[in-house]
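> Have a look at this one.
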Amino acid sequence: MKSSQIASQNDLKLRILQLKAEQNQATENLKDSFGEVVDLLRPANLAKNIFSDLFQDKQVQQDLTQLGLTFGTNMLISYLFGKNKNFKRFVGSSLLEQFSTNFIQNNIPLIMDYLELIIANSQSDETEDDQDQDLSETDRYAQYAQ
């Protein structure tokens with residue numbers, strides 16, 4: 766802080782106004798910083814930040830995809846073949862579960878690439894729909910007339 770010489774009452778009033786302006790600015794900065802901290806410490810945002818870092822790892826993505834696909838196929842097989850109804854269905858569903866698990870484990874990079882392609886295509890379709898909605902009626906007519 767620089768020290769300044771206050772020689773008159775007008776200088777004192779001016780310095781008081783300057784200090785009040787600095788105080789107001791510091792208060793606003795503190796409120797903004799506190800709001801950012803509160804926002805970062807919300808459980809949803811905290812979990813999102815933690816998991817976003819975790820899910821950037823390709824190995825974790827592959828493991829979670831494999832786990833989800835295996836779990837889903839096992840549930841579907843159990844539902845369709847009714848494991849507990851008789852011995853033939855139990856053996857058939859167990860063999861099918863093993864086959865599907867091995868298939869998923871051996872082809873997880875291919876499956877991940879395919880899922881990313883599907884997601885990318887669905888996102889590009891959504892952006893094209895958004896762009897079509899942004900066009901006015903005359904723009905749409907001119908676009909289709911060409």
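For what it's worth, the working numbering labels the leading residue of the sequence shown as 766, then goes sequentially.
The beta-carbon is built from N, C-alpha and C at its ideal position, and this holds for glycine as well.
(1) Using only the alpha-carbon positions, how far apart do L806 and F816 sit?
(2) Quick one: what does DSSP say R780 is sitting in, helix, strand or coil?
(3) Mapping DSSP to helix, strand and coil, what is V772?
(4) Contact defined as beta carbons within less than 8 angstroms: I believe M877 pairs with Q826. What is the distance between those atoms, to the nearest angstrom?
(5) By Cβ distance below 6 angstroms, which residues in the same chain neighbour M766 in space, the five residues on each side in sequence not counted?
(6) Assuming T866 and T830 form a contact by the criterion Cβ under 8 angstroms, report the distance between their Cβ atoms to the nearest whole angstrom.
(7) Could you tell me the distance, in whole angstroms, from the CA atom of K823 to the CA atom of L882?
(8) Let's see if you can read the secondary structure: which residues bound the alpha helix (DSSP H) around L806?
(9) So what's Q821 in DSSP terms, helix, strand or just coil?
(10) Using three-state DSSP, classify N814 as helix, strand or coil.
(11) Just tell me which of I873, G800 and I842 has its CA closest to the CA of L860.
(12) Given P874, which residues of its chain have a CB within under 8 angstroms of its CB, disregarding the five upstream and five downstream residues?
This is what the structure gives:
(1) Straight-line Cα distance between these residues: approximately 14 angstroms.
(2) helix
(3) Per the sequence shown, residue 772 should be read as Ala rather than Val. Coil, per DSSP.
(4) 7 angstroms
(5) With a pLDDT of only 45 at M766, under the threshold of 50, the placement of this residue in the model should not be trusted; the figure read from the coordinates follows. Counting only Cβ-Cβ distances below 6 angstroms, and skipping sequence neighbours, we find nothing.
(6) Between T830 and T866 the Cβ distance is about 13 angstroms, and since that is not below 8 angstroms, they are no contact.
(7) Inter-residue distance for K823 and L882 is about 16 angstroms (C-alpha atoms, whole angstroms).
(8) Counting along the chain, L806 falls outside any alpha helix (DSSP H), and DSSP gives it neither H nor E.
(9) coil
(10) helix
(11) Minimum Cα distance to L860 is reached at I842.
(12) Q827
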